[in-house]
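Participant: My questions will all concern the structure given below.
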Amino acid sequence: MRCGTFDLVLDRSFFARSTLRVARELIGCVLVHEVRGRRRAGRIVETEAYDGFRDAASHAHRGPTSRNAPMFGPPGRAYVYLIYGVHHCLNLVTREPGYPAAVLIRALEPADERLGPCHGPGRLTRALGIDLRHDGLELCTPSSRLYVEPAAMRCRVARTPRIGVDYAGAWAEKAWRFVDPASRHLSVKLGRRR
DNA sequence: CTCGGGATTGAG
DNA sequence: TCAATCCCGAGC
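The working numbering applies: residue 113 is where the first sequence begins, and numbers increase by one.
Structural data, given as structure tokens:
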């Protein structure tokens, strides 16, 4: 039994599709983590697609390793890694097993102001209490405490290049970042890059 | 086994 | 502008 108003959750078939499509359609959906029976949730307003072996910005670019293993696994699971020894980043795995792909969740609009800042991949995992223990976890099983609810309303979606992947050459140019341009909770403001 | 860097953040 | 801080991938 879930604590959501609607007992409706994105299923595996949602994630088994084109990574760009999933990244785009996740905008407006609600990421939920239940901690000690409490609902920690936010509306997804920023995502990035990491798709396939050839994507030089992807952790999967140099083939399967112990870290990126979830990216090669079945869709609808979490891929969580530690960055700079400090922050956790949450990805949702897409596509079929064997094809490495995932969507990085970069910003949420907190459903509850007590949640704390959620603008930025490291901030939202801290607010929701997500860490390496969640790496590889299923999001689509009824018992999962980490899952995504469908968007309540359709919203406009803008595309930009991905953040922080300048090392990836031509792949850094691809507009694989998706945002709700109306949101005040983006990690990097529109029109700006790092 | 050592070595180096990272899909970031917050402080100065 | 820069340090924090640690996992993991590359190389010997």
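For every residue, glycine included, the Cβ atom is placed at its ideal position computed from N, Cα and C.
Spatial neighbours of Pro293 within its chain, please: CB distance less than 7 Å, with the 5 preceding and 5 following residues excluded, ordered by chain position.
Facilitator: For Pro293, where only same-chain residues beyond five positions count, the Cβ hits under 7 Å are Arg268, Ala270, Leu302.
Participant: Just the Cα atoms here: how many angstroms apart are Ala213 and Arg133?
Facilitator: For Ala213 and Arg133, the distance between alpha carbons rounds to 12 Å.
Participant: Short check: CB of Ile275 to CB of Arg218, under 9 Å?
Facilitator: The answer is yes: Cβ separation under 9 Å.
Participant: Can you give the Cα-Cα distance for Thr131 and Gly188, rounded to whole angstroms?
Facilitator: Cα to Cα, Thr131 sits roughly 12 Å from Gly188.
Participant: Quick one: what does DSSP say Gly281 is sitting in, helix, strand or coil?
Facilitator: Here Gly281 sits in helix by DSSP.
Participant: Less than 8 Å between C-beta atoms, sequence neighbours within five positions excluded: which residues of the same chain meet that for Leu120?
Facilitator: Only Glu261, Pro262 meet the Cβ criterion.
Participant: How big is the Cα-Cα spacing for Ser259 and Gly281?
Facilitator: Contrary to the premise, residue 259 reads as Tyr rather than Ser in this sequence. If I take the Cα positions, the gap works out to 33 Å.
Participant: How many whole angstroms separate the CB atoms of Ala284 and Ala169, which I take to be in contact at a CB cut-off of 8 Å?
Facilitator: The Cβ separation is near 6 Å, so the contact holds.
Participant: Grab the span of the beta strand (DSSP E) containing Arg218 for me, first residue to last.
Facilitator: Per DSSP, Arg218 belongs to the beta strand (DSSP E) from 213 to 222.
Participant: Tyr279: buried (16+ other C-beta within 10 angstroms of its C-beta) or exposed?
Facilitator: By the 10 Å Cβ count, Tyr279 comes out exposed.
Participant: Quick one: grab the DSSP three-state call for Thr117.
Facilitator: Residue placement at Thr117 is poorly supported in this model, since its pLDDT is 49, which falls under 50; the coordinates still yield a value, given next. The answer is coil: DSSP assigns Thr117 none of H, G, I, E or B.
Participant: Assign Phe165 to one of three DSSP states: helix, strand, or coil.
Facilitator: Of the three classes helix, strand and coil, the one that applies to Phe165 here is coil, per DSSP.
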